[in-house]
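Take 3 as the starting number for the sequence shown in the working numbering and just add one per residue.
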Amino acid sequence: MSDWTEGYVTDVGYIFGYYRELSPLHAKIALHDCNVACPEVQTACELGFGQGMSINIHAAASKTQWYGTDFIPQQADFARQMAKASGADAHIFNDSFEAFAQRKDLPDFDFIGLHGIWSWISNNNRRIIVDFIKKKLKPGGVLYVSYNTLPGWADFVSMRHLMTRYMADMTSPRQNRLEQISGCVDFLDNFLATNPLFAQINPFVRIRMQRIHGGDTHYLAHEYFNRDWLPMHFADMARWLQDTKLDYVCSARYLSHINQFYINIEQENFLNSIQNPVFRETMRDFMVNCQFRLDYWVKGVRELSKREKEEWLQTQRYILIVPQSDITLKVDGTQGSIDLDPELYNPILELMADYRPRTLHQIEEEIQKDSITFSQLYQAIIVLLGKAYIEPVQEEESIAQVKFQTMQLNSFLCQQALTHNGIGSLASPLTGGGIYIDLIVQLFVKASQQGKSEPQQWAEYAWQQLSAVGRQVIKDGKLLESSEENLAELRVRAEEFAQKRLPILKGLGIA
Ligand SMILES: C[S@@+](CC[C@H](N)C(=O)[O-])C[C@H]1O[C@@H](n2cnc3c(N)ncnc32)[C@H](O)[C@@H]1O
């Protein structure tokens with residue numbers, strides 16, 4: 003019998019993550035910020051969609067036609083259920099990358115995305131994916147790819163070697179995978195407790211082990227326990243893509259576009275002295291000890307004309323997606339914690355606190371502050387996007403078209419979240435993407451959609467739903483035991499929801 007898993011962990015389901023970097027609108031902002039044109043994304047493809055949260059949220063919340071594959075059948079099945087529930091134009095396959103690449107029923111794509119795939123597959127699969135991109139990405143099309151990066155993982159390469167050896171040499175085939183993983187973590191803890199010279203010279207290893215302790219075991223299984231695991235330098239990634247006609251444009255992390263948060267002037271000057279852009283970017287990763295890259299590449303980069311840029315600035319709208327109380331005017335980059343100027347940011351945030359979409363020019367007009375220039379305002383918007391305090395908004399016509407689909411998908415997700423741990427995002431017809439919303443808030447949204455208007459009623463509804471599936475509220479890391487305790491906590495959260503979250507979710511077209 004052939005091994006279809008190719009050494010990938012397929013007996014433990016993956017987490018239900020949503021990644022906004024896979025949204026074509028997110029890509030458009032990043033590219034335009036670098037003065038690079040972005041195609042109108044009509045067809046898009048996600049390779050290795052995991053549980054399928056991102057592909058389904060993007061398919062339901064935008065007009066883009068999405069295609070994607072993941073070879074774990076349970077995951078593809080869940081992704082198909084989501085697509086069926088939303089009724090969106092999503093084509094979900096359960097093929098290996100190899101089989102998917104051979105399909106004759108796929109269109110060419112304006113956007114291809116793969117998140118958390120590249121480092122965890124074999125060279126053969128990397129070759130298959132590169133050939134697929136070469137063949138199926140349209141000229142002008144965008145590639146989004148994220149991967150574990152060197153030098154950030156250099157110290158842990160040897161720890162991961164020990165993990166692989168432990169699994170091969172020290173586990174019993176009778177144990178299930180999660181037991182083997184927890185045995186491996188205990189073993190490495192005991193090893194570090196002996197204070198090996200390796201850990202003294204590489205102190206970050208202990209910090210990473212602490213993070214492993216706090217992590218979800220399903221995530222751990224997929225991060226560390228596949229046969230293949232290969233962090234890569236940027237220059238090597240560029241070599242992999244060299245025959246695809248793709249050029250690197252920028253990071254999908256907006257904050258990375260602003261040097262001041264990550265490198266100092268001396269480092270910036272040093273980097274500017276390097277002519278070769280690939281080598282420069284590789285050196286930048288050493289400046290910031292980069293561990294994970296999330297990048298946009300374009301097939302045939304075209305500079306945005308002045309007219310296109312102006313039109314974009316005139317029309318692109320943004321919406322605030324967090325309450326004021328969640329906002330801190332700081333950016334924590336590799337240059338330490340940098341304060342943001344309250345004179346610049348507070349007027350913008352106060353204006354946007356009515357949770358209505360606005361263009362940059364509207365914001366400029368409405369705050370009416372002579373002391374704030376348009377370029378300061380523009381930079382502030384990029385920073386607020388980077389901190390995920392605001393999101394871009396799509397055109398009215400798209401919003402109207404996707405409203406029903408997002409409502410259908412959200413209703414399905416709220417139902418599933420009761421029994422699937424970790425479904426923490428819903429789709430917004432305004433942003434064309436997902437918004438982080440925890441289970442309790444999802445239940446409050448459902449209650450308010452059913453016509454219940456008082457926080458007391460939302461709390462009762464949430465407790466009814468939770469207790470029916472044997473779940474309890476977690477407060478300060480502890481499960482609340484009695485009905486009274488659960489209800490009391492839910493009432494507090496329902497009041498907070500009424501004041502802080504409901505207006506936002508209404509603005510986002512979710513509640
Ligand atoms: C680390 S997970 C990332 C999932 C998803 N992109 C996310 O970030 O939530 C990698 C995914 O790739 C899928 N995968 C790995 N090798 C594959 C292959 N050869 N063909 C198709 N899917 C594959 C796995 O089933 C898994 O769901």
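Ideal placement from N, C-alpha and C gives every residue a C-beta, glycine not left out.
Query                                                                                                                                                                                : Result
Expressed to the nearest angstrom, what Euclidean distance is found between the alpha-carbon atoms of GLU487 and GLN458?                                                             : 14 Å
How do the segment 151 to 161 and the segment 282 to 300 stand: do at least 3 beta-carbon pairs fall below 8 Å, yes or no?                                                           : yes
When you compare only the Cα positions, how much space is there between GLY50 and GLY70?                                                                                             : 7 Å
Verify the contact flag: PHE113, CB atom, against every heavy atom of ligand 1, threshold strictly below 6 Å.                                                                        : no
Might you give, ordered along the chain, the residues of its own chain that have their beta carbon closer than 6 Å to the beta carbon of LYS448, omitting 5 neighbours on each side? : CYS416
Using only CA atoms, which one of ASN37, ASN126, SER427 lies nearest to GLY9?                                                                                                        : ASN126
Is it right to say ILE131 is buried, meaning 16 or more other beta carbons lie within 10 angstroms of its own, or is it exposed?                                                     : buried
Got a sec, what are the start and stop residues for the beta strand (DSSP E) PRO394 sits in?                                                                                         : 392 to 395
Shortest alpha-carbon distance to LEU504 belongs to which of ILE323, GLN418, PHE18?                                                                                                  : ILE323
Would you check whether ligand 1 has a heavy atom nearer than 6 Å to the C-beta of ILE74?                                                                                            : yes
Would SER104 be called buried (16 or more neighbouring beta carbons within 10 Å of its own) or exposed?                                                                              : It is worth fixing the name first, because residue 104 is Gln in this sequence and not Ser. Classification for GLN104: exposed.
Determine the burial state of ARG309: buried for a count of at least 16 other Cβ atoms within 10 Å of its Cβ, exposed for fewer.                                                     : exposed
Apart from the five residues just before and just after THR226, which ones in its own chain have a Cβ nearer than 7 Å to its Cβ?                                                     : Reading off the sequence shown, one finds Tyr at residue 226, where the question assumed Thr. Contacts found: ARG162, MET165.
Taking DSSP as the reference, what is the three-state secondary structure of VAL443?                                                                                                 : helix
How about HIS363: is its Cβ closer than 6 Å to a heavy atom in ligand 1?                                                                                                             : no
Under the criterion of a Cβ to heavy atom distance below 6 Å, does PHE99 qualify as lining ligand 1?                                                                                 : yes
Expressed to the nearest angstrom, what Euclidean distance is found between the alpha-carbon atoms of GLU547 and LEU432?                                                             : No information on residue 547 is available, as it lies outside the stretch 3 to 513 that the chain covers here.
In the segment 284 to 351, which residue ranges form an unbroken beta strand (DSSP E) of at least 3 residues, counting only runs that do not cross its ends?                         : 294 to 301, 319 to 322, 332 to 335, 338 to 341
Using DSSP bridges, identify the partner residues of VAL38.                                                                                                                          : GLU305
Could you name the residues of the same chain whose beta carbon sits closer than 8 Å to that of TYR256, not counting the 5 residues immediately before and after it, in chain order? : ILE31, ALA32, ASP35, ILE384, VAL385, LEU387, GLY388
Going straight from the alpha carbon of MET3 to that of VAL207, what length do you get?                                                                                              : With a pLDDT of only 44 at MET3, under 50, the local geometry of the prediction cannot be trusted, and the value read off the model is given with reservation. Using only the alpha carbons, I get a separation of about 39 Å.
What is the DSSP secondary structure of ARG493, counted as helix, strand or coil?                                                                                                    : helix
Do ILE214 and ligand 1 come close, with the Cβ less than 6 Å from some heavy atom?                                                                                                   : no
Counting pairs of beta carbons, one from the segment 51 to 64 and one from the segment 77 to 86, are three or more of them closer than 8 Å?                                          : yes
Mind checking whether the beta-carbon of HIS224 lies closer than 6 Å to any heavy atom of ligand 1?                                                                                  : yes
Let's test the definition: count the other Cβ atoms within 10 Å of the Cβ of ALA513 and tell me whether it reaches 16, buried, or not, exposed.                                      : buried
Considering only residues of the same chain and omitting the five flanking positions on each side of PRO325, which have a CB-CB separation below 6 Å?                                : LYS502
What is the DSSP secondary structure of GLY472, counted as helix, strand or coil?                                                                                                    : coil
Counting along the chain, where does the beta strand (DSSP E) carrying TYR438 start and finish?                                                                                      : 435 to 438
Give the C-beta separation of GLY335 and LYS247 to the nearest angstrom, bearing in mind that I take them to be a contact with Cβ-Cβ under 8 Å.                                      : That pair is no contact at about 33 Å.
Pick helix, strand or coil for MET3, following the three-state DSSP scheme.                                                                                                          : Below a pLDDT of 50, predicted positions are generally treated as unreliable, and MET3, at 44, falls in that range; the measurement from the model is reported next regardless. DSSP places MET3 in coil when its eight states are reduced to three.
Mind checking whether the beta-carbon of ASP16 lies closer than 6 Å to any heavy atom of ligand 1?                                                                                   : Looking at the sequence shown, residue 16 is not Asp but Tyr. Yes, the Cβ of TYR16 comes within 6 Å of a heavy atom of ligand 1.
Just the C-alpha distance for CYS47 and HIS235, rounded to the nearest angstrom, thanks.                                                                                             : 25 Å
At which residues does the beta strand (DSSP E) containing THR71 begin and terminate?                                                                                                : 67 to 71
Beta-carbon separation of LEU27 and PRO394 under 7 Å?                                                                                                                                : yes
Please find out if some non-hydrogen atom of ligand 3 comes closer than 6 Å to the beta-carbon of ASN423.                                                                            : Among the ligands in the structure shown, ligand 3 does not appear; only ligand 1 can be found there.
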